[in-house]
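Engineer: Under my numbering, think of the first position of the sequence shown as -18, with each following residue one higher.
Think of the CB as a built atom: it goes at the ideal place given N, C-alpha and C, for glycine as much as any other residue.
Can you read through this structure? Questions will come right after.
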Amino acid sequence: MKWLYRILFLLLVTASCRQPKVTPAVKVHQPDSIAVYQTSGFLLSSEHHTWIIYPDSTVRHRIVGRFAGRDSVGEQPVPKRVARQLYALTRQLFVTHETPDIVRVKTEAVETDQPYLTVDVYDGAQSIAYDYYLGYPDVVYSQALQRLMKFATTQKMPADTPLPQESAVDTLAIKSVSINMTDARMPSRQIDKTLEIDSEGKHTAINDTVWYDKDGNETAMRSSDWHPLSHAKWYKIQPLAFSMFKKIPADVVRRNVYGRKKKKGSSCHIFVDFEQRSVAYHMDLSHQDVVYSADFQRLLDYLR
């Protein structure tokens, strides 16, 4: 259920990581901000560090300390040299994708209780989170991603030497796709539909409905049992989702804007597990002026 934790974390940090600005249109390749952080593994750390990179190459270094059961939040200045390198690395890896993240997977060996490196890209109505579990000893990461990983671990930026030309691994296959649709268009009711599909063809779905009173307080909740999709739906959704989200990033948004937004609307969360890498998409469907790709629009139609 790690996809569920990713969704909850995205919702918590989105507000603090977006850069406050209003523009008529934003291109997909110019995100609002990018957040980089590493989670603890078996050995818990007393501090959690997050670097938030903005389009003007400025960087905020946020530190959350945990001492004696109490949290403290602070910030440290980031030297311009380090900020420029962070901006360049994250842009090459997660915006233009001119540099690969994984170049080779020697074996499927895995170690337990290791940390994750997470990169969240916030871009208008769409947020994309990249997770790398650092417990795969035989995965060869690109030089660019290795630099980012080393910085997140040591807080020291390696020398800014030219990066070699590397090719992305072409053998990573999707293990599973999890999709959550939230419909909050009615003030008195919210409907959540969750669907899980794996590479072997297994598929399950569940529906949750929550009712609210006029003050927004929850009054009742009803959940269905996990159940298989109908064959008609499965034959449409499974091949489309697996082909669409194999590409990194998937072709979801064609025109990303800060346009008109409904007070309450729908959202879609998609978690794609590649084993050595996972990618989570969060789409705020209440933005009325966003244009989605034909494949994603067709997927939404199948899910509704």
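What is the rounded straight-line gap between the Cα of Leu115 and the Cα of Pro96?
Structural biologist: Indexing the sequence shown from 1 puts residue 115 at position 134. Indexing the sequence shown from 1 puts residue 96 at position 115. One C-alpha to the other measures close to 6 Å.
Engineer: My output table needs one value for His208: the three-state DSSP class, helix, strand or coil.
Structural biologist: For the purposes of this step, residue 208 is taken as the residue at position 227 of the sequence shown. Reduced to three states, the DSSP call for His208 is strand.
Engineer: Assign Ser211 to buried or exposed, taking buried as 16 or more other Cβ atoms, counted over all protein chains shown, within 10 Å of its Cβ.
Structural biologist: As a working mapping, residue 211 is identified with position 230 in the sequence shown. Per the 10 Å Cβ criterion, exposed.
Engineer: Quick one: Cα of Tyr103 to Cα of Ala222, how far?
Structural biologist: For this step, residue 103 is matched to residue 122 along the sequence shown. For this step, residue 222 is matched to residue 241 along the sequence shown. Approximately 22 Å, taken between the alpha carbons.
Engineer: To the nearest angstrom, how far is it from the Cα of Arg41 to the Cα of Tyr111?
Structural biologist: Start at 1 with the first residue of the sequence shown, and residue 41 comes out as number 60. Start at 1 with the first residue of the sequence shown, and residue 111 comes out as number 130. Arg41 and Tyr111: Cα-Cα distance of roughly 20 Å.
Engineer: What's the call for Ser205, buried or exposed, on a 16-neighbour Cβ count within 10 Å?
Structural biologist: In the sequence shown, the residue the question calls residue 205 occupies position 224. Ser205 is exposed by the Cβ-count criterion.
Engineer: Work out the CA separation of Asp196 and Gln124 for me, nearest whole Å.
Structural biologist: The sequence position of residue 124 within the sequence shown is 143, counting from 1. The sequence position of residue 196 within the sequence shown is 215, counting from 1. C-alpha separation (whole angstroms): 53 Å.
Engineer: Gln257: which of Pro220, Arg203, Ile155 and Leu280 sits nearest, CA to CA?
Structural biologist: Here residue 257 is taken as the residue at index 276 of the sequence shown, counted from 1. Nearest of Pro220, Arg203, Ile155 and Leu280 to Gln257, Cα basis: Ile155.
Engineer: Among residues of its own chain, excluding the 5 on either side of Thr71, which ones have a beta-carbon nearer than 6 Å to its beta-carbon?
Structural biologist: Residue 71 sits at position 90 when you count from the first residue of the sequence shown. Contacts found: Ile15 and Ile34.
Engineer: Out of Thr190, Asn188 and Ser159, state which residue places its alpha-carbon closest to the alpha-carbon of Gly182.
Structural biologist: Sequence index remark: in the sequence shown, residue 182 carries index 201 (1-based). Gly182 has its Cα closest to that of Ser159, out of Thr190, Asn188 and Ser159.
Engineer: Over what stretch of residues does the alpha helix (DSSP H) that includes Phe255 continue unbroken?
Structural biologist: Numbered from 1 along the sequence shown, position 274 holds the residue referred to as residue 255. No alpha helix (DSSP H) contains Phe255, which DSSP labels as neither H nor E.
Engineer: With distances taken from CA atoms, which of Ser157, Val120 and Ser180 is nearest Val91?
Structural biologist: Residue 91 sits at position 110 when you count from the first residue of the sequence shown. Minimum Cα distance to Val91 is reached at Val120.
Engineer: Starting from the Cα of Gln11, find the closest Cα among Pro209, Thr175 and Val234 and give me that residue.
Structural biologist: Position 30 of the sequence shown, counting from 1, holds the residue named residue 11. It is Val234.
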